[in-house]
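Asks: One structure follows; several queries about it will come next.
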């Protein structure tokens, strides 16, 4: 569901690959010429010499020659180092843009994955049209944009590269004239010159409002016809299959920016309010522009066509509520009722926009729910349909309805996320205040704590009192919940209706938030009020293993069941891929996530609850990454059922949504894949006997891999090894996110480091341990126990195992033990070198096992175009790794001196460049 590359389009892979290489060669030549022009012949010769040397060393490895190249780069001046890094980084930016451009291919390149084909296969497999219609009604796909700091490239760089994508259309079009092609090349040369003169590094760490503006940028592009086109295509496929169309859009968007305060002290209640204000201001402006488009199209005159009584009555109510609007438009539009209705809608939106950032009371009528605006639009649509205007009703008016349903008044629905420790401390303070004679809540057993809090959820009293001051933390949490209520009152309940609890360990953690929400009126089961969904996040191996039992206890509570019933009988559970991988390694993480989803599915069924799973995936395999469709279809049967939420993090956001064609393809793929999983994977595809055999084998593989992985990370000196063998300590200077890289305190163990820099650091040093370590030993042990036949059977027939092997294979392609060895040799205490020897041996085991299972003589041998695309990158990444090692060695060897700003800047540029070369950060 993320940014791991997939194979190039299959419409004509050889032709596509040749065109891709030709584009990259031409851009490389242009870059070289501009480097010569900007930085001189001598520097150009240096770049070419380094490039040719690394290509030669990749073709014919020579340890002595590698040492000489490393020494030469180590002795380069800081100006030369900085320019070398920038030259290779810009090359990767150009190459990445070309690859993105060619990735989608022409429309229809993957017809078997399109919605129409999915529906035909479903009908052929026995699904009824009624089944499909019911699924369409409940389909809810929500990509959630997060501020996780893994996008290393600045917006200034990304914007320039988007212009290159447009120019490539001109370059590759058969009908482009020589003159236009020459003009295009001139524009590209200007863009490359601009890249050379643009700083790749952010001077300051972005604040949450900066991150919000970044997400808004992508949401605006989606608003501009992309979602409309995706929904139209979805509905057209349903119509062609004879399925009644559903009334609501199947797509919504979410955001954590401004709402995720877990470990981020910079996300305050004021920030949450300001981000919502920023989002709403922009959403309302976009909606107003679209209302103008509708008014321009709906020029029907009462002299020629009548309107429905429903619309006439609606206009009369508008005139009473907005007496100042009618006189302003009556002279021109008195006989044009649809335009009058649009004028009233426009001014309601203007009243909302005028106070979006100030949070003052509006000066006139407003909408307080997006559904109210949809109702007004549907009144016009029904009137048009009744008076011979059905075609017109399907035009601009229908497109506006889609956007209102998909984006609401804030472009994206915000989730709040907070650590369970915080809310448990707050509820403890409040409960202890009214239970003065009793045992402090924190000292109760988890079961007693849950029982105590359950009674409090339905108790009409509040725990707080204005006469008794709260602690700062309690004041902050209650203030945030109060602000959530204010946002809901202004823009609708679903604008901010989800509170995610990090590190959920017991049902009492969930009940604590319900009681806190009750304090401010967001929850009151006695009055049928349930305006906040409380969502657990299970993100460690132990938490995943106990997730179903925790939810069973929670859902067994009658008060909780009442609240869920008020929320439509749908409950949401989030599973975290990053921390579970850091905790247990890739194999056990993936398997425990799979098992947890099955158990949660079964538990929800037992309670009569419809389950929505929220997948907290990152960009790299070590954080749950992999191709979108494969990830969705590899989930256990009946765990999607039309509903899915999934995070879009860091570099995944620009990779999926930065290019309009890729964004359009991603929307279509999400809808088609969710539909396919929901209709064609309702039941396991194989018999219980197969699953029993596969699950038992997978249990053994997971247990062995987990033991191997934990032995590594618990080994004496391991944390020191990680800190020294990677640039993780220096990542904080990248200023790529507002969230601190570390948890509270120093890094004294694995738990002190967040999952993102954990993967980021390993990736930079080309070890990429989180993406494969442990699997080789596990598969080798299984082989020794005569399980080879079962493992081969699993790889042929089980999508989960296929996805695991495929993702590990992709990670191994990017792993380079030769480069990793250089990091260790130059930077790590010799007493810790044995750790690398263990890592290298496990790498060789894993590689051998992947080759055996896939029946290949080389990684990605069955995808030669992708294999070549990735291999040609290595000689360009190598000098960046060499320079990074040299800079780390220089900086760390003089730790007591005052930091050299230019040296530190050069080091950060290498981090940026390697991220661009590997197309992964964390």
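In the working numbering, the protein residues as written are 523 to 1444. Idealized CB from N, CA, C, for every residue including glycine.
1. So what does residue 662 bridge to, in DSSP terms?
2. Cβ of residue 1025 within 7 angstroms of Cβ of residue 898?
3. Exposed or buried, what is residue 463 when buried is set at 16 or more other beta-carbons lying within 10 Å of its beta-carbon?
4. Looking at the structure shown, is residue 583 part of a helix, part of a strand, or coil, going by DSSP?
5. Going by beta carbon distance, what residues of the same chain come within less than 6 angstroms of residue 1195, once the five residues before and after it are set aside?
6. Does the Cβ of residue 481 have 16 or more other Cβ atoms within 10 Å, making it buried, or fewer, making it exposed?
7. Name, in chain order, the residues that DSSP records as bridge partners for residue 939.
8. Is residue 1466 buried or exposed, if buried means 16 or more other CB atoms sit within 10 Å of its CB?
9. Using only CA atoms, which one of 1235, 1287, 1241 lies nearest to residue 1249?
10. Quick one: what does DSSP say residue 1138 is sitting in, helix, strand or coil?
11. What does a CB cutoff of less than 8 angstroms around residue 1379 pick up in its chain, not counting 5 residues either side in sequence?
12. For residue 1207, does the count of other Cβ atoms within 10 angstroms reach 16, so buried, or fall short, so exposed?
13. Take residue 1265 and list the residues in its own chain whose beta-carbon comes closer than 8 angstroms to its own, dropping the five residues that flank it on each side.
14. In this structure, does DSSP put residue 723 in helix, strand or coil?
15. I want to see whether chain B comes within less than 7 angstroms of residue 1347, judged by CB atoms only; does it?
16. Just to confirm my understanding: we take residue 575, look at its own chain, exclude 5 residues before and 5 after, and list those with CB closer than 8 angstroms. What are they?
17. Return the Cβ separation of residue 1021 and residue 1056 in integer angstroms, given the expectation that the two are a contact with Cβ distance under 8 angstroms.
18. So, at 7 angstroms on beta carbons, what are the nonlocal neighbours of residue 706 in its own chain, with the 5 sequence-adjacent residues on each side left out?
19. Considering residue 1354, what are the terminal residues of the alpha helix (DSSP H) in which it resides?
20. Within its chain, find whatever has a CB closer than 6 angstroms to the CB of residue 964; leave out the 5 residues flanking it on each side and keep chain order.
21. Run through the DSSP bridge pairs and tell me what residue 1045 is partnered with.
22. In chain order, what residues of the same chain lie with their CB nearer than 7 angstroms to the CB of residue 1015, ignoring the 5 residues before and after it?
23. Would you say residue 640 and residue 1197 are within 7 angstroms of each other, going by their C-beta atoms?
24. Could you check if residue 726 is buried or exposed, using at least 16 other CB atoms within 10 Å of its CB as the buried criterion?
25. Under a Cβ-count criterion, where at least 16 other Cβ atoms within 10 Å of its own Cβ denotes burial, should residue 1110 be classed as buried or exposed?
26. Tell me the rounded alpha-carbon separation between residue 628 and residue 759.
27. Can you look up residue 1382 in the DSSP assignment and give me helix, strand or coil?
28. Is residue 1267 helix, strand or coil when you go by DSSP?
29. By a C-beta neighbour count over all protein chains shown, 10 Å radius and 16 as the cutoff for buried, is residue 761 buried or exposed?
30. In whole angstroms, what separates the C-alpha of residue 703 from that of residue 615?
31. So which of 781, 840, 860 has the shortest CA-CA distance to residue 818?
32. Suppose contacts are defined by Cβ-Cβ distances below 7 angstroms. Is residue 1298 in contact with residue 1364 by that definition?
33. Where does residue 1306 land, buried or exposed, given buried means 16+ other C-beta within 10 angstroms?
34. Drop a sphere of 10 angstroms on the beta-carbon of residue 764, count the other beta-carbons inside from all chains shown, and report buried for 16 or more, exposed for fewer.
35. So, with DSSP's three-state summary, where would you put residue 1200?
36. In this structure, how does DSSP classify residue 1436 when only helix, strand and coil are distinguished?
Replies: In brief:
1. 1165
2. no
3. Here the chain has residues from 523 to 1444 only, and residue 463 is not among them.
4. coil
5. 1151, 1154
6. Because the chain is modelled from 523 through 1444, residue 481 falls outside the range shown and cannot be assessed.
7. 782, 1022
8. Outside the shown range of the chain (523 to 1444) lies residue 1466, about which nothing can therefore be said.
9. 1287
10. strand
11. 1373
12. exposed
13. Only weak support exists for where residue 1265 lies, its pLDDT of 48 falling under 50; the value from the coordinates is given anyway. Closer than 8 angstroms at the Cβ level, and outside the excluded window around residue 1265, lie 785, 1273, 1274, 1275, 1276.
14. coil
15. The structure shown contains no chain B, having only a single protein chain.
16. 587, 591
17. 5 angstroms
18. 689, 692, 693
19. Premise fails: residue 1354 is in no alpha helix (DSSP H) and is neither H nor E.
20. 950
21. 1052
22. 1053
23. yes
24. exposed
25. buried
26. The predicted model places residue 628 with a pLDDT of 48, which falls under 50 and marks its position as unreliable, so this point remains unresolved.
27. coil
28. At residue 1267, the pLDDT of 46 sits below 50, so the modelled position is not reliable and the matter cannot be decided from this model.
29. exposed
30. 22 angstroms
31. 860
32. yes
33. exposed
34. exposed
35. helix
36. helix
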